[in-house]
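Visitor: Okay, handing you the structure first.
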Amino acid sequence: MGIAAEEATVSGSLDKELVRQVIQRNRGQIRFCYESLLNRFPKLGGKVAIRFTIATEGNVVTSSVAQSTAGNSELEQCVAGRVRTWTFPKPKGGGSVVVTYPFIFKAAGE
Numbered sequence: 011m012g013i014a015a016e017e018a019t020v021s022g023s024l025d026k027e028l029v030r031q032v033i034q035r036n037r038g039q040i041r042f043c044y045e046s047l048l049n050r051f052p053k054l055g056g057k058v059a060i061r062f063t064i065a066t067e068g069n070v071v072t073s074s075v076a077q078s079t080a081g082n083s084e085l086e087q088c089v090a091g092r093v094r095t096w097t098f099p100k101p102k103g104g105g106s107v108v109v110t111y112p113f114i115f116k117a118a119g120e
């Protein structure tokens with residue numbers, strides 16, 4: 011089972027590398043979303059892009075599915091819900107930051 015990541019799109023005053031580090035640190039949560047569904051959906055895979063907003067204090071205030079090829083609303087909602095619980099560094103100079111991050115899910119052997 012693999013979770014790959016493509017390039018994040020970040021608009022606002024937070025370094026893309028800092029965003030990537032927080033996402034990497036929390037990958038286990040995203041893996042849990044995927045693995046918990048594999049028994050019921052063994053061929054589950056695809057891309058789930060999450061758009062989320064980081065507020066001035068570094069907390070995620072909105073998180074939603076921007077695009078998905080997975081075709082599984084349980085996976086999509088689980089990933090969006092997990093991202094909503096993450097904390098990022100405070101954006102430089104205040105203001106909010108909008109990030110779109112694509113997660114790629116592949117079952118073992120694909």
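Residue numbers for the sequence shown follow this note's numbering, beginning at 11 and rising by one. Just so it is clear, CB atoms sit at the ideal spot from N, CA and C, and this is done for glycine as well.
Indicate whether G22 and V93 have their beta-carbon atoms separated by less than 9 Å.
Guide: Indexing the sequence shown from 1 puts residue 22 at position 12. Indexing the sequence shown from 1 puts residue 93 at position 83. Going by C-beta atoms, G22 is not nearer than 9 Å to V93.
Visitor: Since G81 and G56 should fall inside the 8 Å C-beta cutoff, what is the C-beta to C-beta distance between them, to a whole number of angstroms?
Guide: Looking up residue 81 in the sequence shown gives position 71. Looking up residue 56 in the sequence shown gives position 46. About 7 Å; that satisfies the 8 Å criterion.
Visitor: Per DSSP, which residues does M112 bridge with? Please list them.
Guide: Here residue 112 refers to the residue found at position 102 when the sequence shown is read from its first residue. Per the sequence shown, residue 112 should be read as Pro rather than Met. A59, per the DSSP bridge assignment.
Visitor: Could you check how far apart the C-beta atoms of F115 and V58 are, in whole angstroms? I think they sit under 8 Å.
Guide: By one-based count along the sequence shown, residue 115 stands at place 105. By one-based count along the sequence shown, residue 58 stands at place 48. Correct: roughly 7 Å between the Cβ atoms.
Visitor: Could you round the C-beta distance between T97 and A76 to whole angstroms and report it? I think they count as a contact, below 8 Å.
Guide: Within the sequence shown, residue 97 is the residue found at index 87, counting from 1. Within the sequence shown, residue 76 is the residue found at index 66, counting from 1. That pair is no contact at about 21 Å.
Visitor: Cα separation between M11 and N36?
Guide: Residue mapping note: residue 11 aligns to position 1 of the sequence shown, counting from 1. Residue mapping note: residue 36 aligns to position 26 of the sequence shown, counting from 1. Residue placement at M11 is flagged as unreliable, the pLDDT there being 47, under the threshold of 50; the coordinate-derived value follows with that caveat. Answer to the nearest angstrom: the Cα atoms are 17 Å apart.
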